[in-house]
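J.:
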Ligand code: MF3
Ligand code: CO
Ligand code: CO
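Numbering (our numbering), first residue to last: 1 to 257.
1) Is the separation between the beta-carbon of residue 128 and that of residue 92 shorter than 8 Å?
2) Mind checking which residues open and close the alpha helix (DSSP H) that includes residue 18?
3) Does any heavy atom of ligand 3 sit closer than 7 Å to the C-beta of residue 181?
4) Could you check what DSSP says for residue 107 in three-state terms: helix, strand or coil?
5) Which residues share a DSSP beta bridge with residue 214?
6) Do residue 212 and residue 138 have their C-beta atoms within less than 8 Å of each other?
7) Nearest to residue 50 by alpha carbon, out of 87, 37, 67?
8) On the criterion of 16 or more Cβ atoms from any shown chain inside 10 Å, does residue 61 qualify as buried, or is it exposed?
9) Do residue 187 and residue 131 have their C-beta atoms within less than 8 Å of each other?
10) Quick check: the Cα distance between residue 149 and residue 58, rounded to an integer number of angstroms?
11) If residue 217 sits next to residue 165, beta carbons under 8 Å apart, how far is it from one beta carbon to the other, in whole angstroms?
12) DSSP beta-bridge partners for residue 99?
13) Report the CB separation of residue 240 from residue 107 in whole angstroms; it is logged as a contact under 8 Å.
14) What do you reckon, is the C-beta of residue 98 under 7 Å from a heavy atom of ligand 3?
15) Could you spell out the range, first to last residue, of the beta strand (DSSP E) harbouring residue 37?
16) I need the boundaries of the beta strand (DSSP E) containing residue 4, first residue and last residue.
17) Rounding to the nearest angstrom, what Cα-Cα distance links residue 111 and residue 248 in this structure?
18) Where does the unbroken alpha helix (DSSP H) through residue 156 begin, and where does it stop?
19) Is the separation between the beta-carbon of residue 258 and that of residue 245 shorter than 8 Å?
20) Are the segment 173–191 and the segment 36–48 touching, with three or more C-beta to C-beta distances below 8 Å?
21) CB of residue 207 to nearest heavy atom of ligand 2: below 7 Å?
22) Could you pull out every residue in the same chain whose Cβ sits closer than 7 Å to the Cβ of residue 230, ignoring the five residues on either side in sequence?
23) Identify whether residue 125 lies in helix, strand or coil by the three-state DSSP scheme.
24) Going by beta-carbon coordinates alone, are residue 14 and residue 242 separated by less than 8 Å?
25) Buried or exposed: which applies to residue 194, given that a residue is buried once 16 or more other Cβ atoms fall within 10 Å of its Cβ?
26) So residue 227 packs on residue 79, CB below 8 Å; how close in whole Å?
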């Protein structure tokens with residue numbers, strides 16, 4: 001494992017990418033409505049990214065064909081935007097964006113409700129709230145020298161308390177000039193316990209991106225080679241931020257303005 005530690009100047013660069021990523025999700029939020037296709041969301045995000053002299057990391061990444069991921073309802077992650085996928089009243093959709101600004105990546109996602117809130121099921125609302133709380137709680141507990149297991153325990157405890165499960169097939173990751181770097185950031189404590197303890201320390205930039213499921217934690221990949229769905233067809237929700245730890249040991253959420 002090779003961890004690529006960053007200088008404060010590099011973390012400043014990461015923060016510029018993160019700020020654009022945040023803006024892109026606000027743009028997604030204002031775009032999402034009943035009747036729009038997931039491809040339209042991706043195109044709007046891509047056009048805005050280019051207008052800021054940045055590029056979309058997902059586009060062409062290991063052959064991924066679009067500028068962001070759009071994961072609707074039982075899709076856990078890596079949903080491919082499509083002109084044929086039209087959003088419906090009561091859907092939940094995760095939009096995951098990663099612009100590259102001056103060579104640095106900012107990776108963030110949120111799960112949104114489509115249409116009128118009153119048409120979203122109570123289970124979906126609880127699940128989405130839980131996924132957001134899992135991310136926020138995990139971030140609030142990060143301190144210099146804490147371990148990935150500490151993060152995983154916080155997320156797993158909170159999800160299980162509400163009767164939800166934590167996906168283990170996909171993890172957070174180090175990030176910088178490369179989209180995915182060491183270390184893997186596990187969200188599930190059962191898996192994290194099996195890894196050697198890795199302290200999170202100054203110079204590290206990484207994502208936390210828990211995927212929380214209504215039913216089974218297990219996933220499968222569709223024939224397109226990308227779309228990960230829940231094995232039981234039940235709902236999944238996710239939130240993601242990119243985090244940096246500066247030389248003075250402060251924890252900086254890089255994907256905020
Ligand atoms: N943004 C995703 C992550 O959080 C990765 C997407 S890879 C893609 O790590 F190719 F599907 F875009
Ligand atoms: Co990520
Ligand atoms: Co992401």
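Note that CB positions come from ideal geometry on N, CA and C, so glycine has one too.
Being a predicted model, the structure only gives us computed values, none of them experimental.
T.: Let me spell this out:
1) The answer is yes: Cβ separation under 8 Å.
2) 8–31 is the extent of the alpha helix (DSSP H) around residue 18.
3) For ligand 3, not one heavy atom lies less than 7 Å from the Cβ of residue 181.
4) In this structure, DSSP gives residue 107 a state outside helix and strand, which the three-state scheme calls coil.
5) Checking the DSSP bridge columns, you'll see residue 214 has no partner listed.
6) No, the Cβ-Cβ distance between residue 212 and residue 138 is not below 8 Å.
7) Residue nearest to residue 50 within the set 87, 37, 67 is 67 (criterion: CA-CA distance).
8) It is exposed - the Cβ of residue 61 has fewer than 16 other Cβ atoms within 10 Å.
9) In terms of Cβ geometry, residue 187 and residue 131 do not form a close pair [threshold 8 Å].
10) If I take the Cα positions, the gap works out to 28 Å.
11) About 4 Å; that satisfies the 8 Å criterion.
12) Residue pairing by DSSP places residue 99 opposite 56 in a beta bridge.
13) Right, their Cβ atoms sit about 6 Å apart.
14) Yes.
15) No beta strand (DSSP E) holds residue 37; DSSP gives it neither H nor E.
16) It is not in any beta strand (DSSP E) - residue 4 carries neither H nor E in the DSSP assignment.
17) Our two residues, residue 111 and residue 248, have alpha carbons roughly 32 Å apart in a direct line.
18) Note, residue 156: alpha helix (DSSP H), 148–161.
19) With the chain running from 1 to 257 in the structure shown, residue 258 is simply not present.
20) Put simply, the segment 173–191 does not touch the segment 36–48. Fewer than three CB pairs are less than 8 Å apart.
21) At least one heavy atom of ligand 2 is found less than 7 Å from the C-beta of residue 207.
22) If the five residues before and after residue 230 are omitted, its C-beta is found closer than 7 Å to the C-beta atoms of 74, 76, 213, 215, 216, 219, 236, all from its own chain and listed in chain order.
23) Reduced to three states, the DSSP call for residue 125 is helix.
24) Between residue 14 and residue 242, the C-beta spacing is below 8 Å.
25) By the 10 Å Cβ count, residue 194 comes out exposed.
26) At roughly 5 Å, the Cβ-Cβ gap stays under 8 Å, so residue 227 and residue 79 are in contact.
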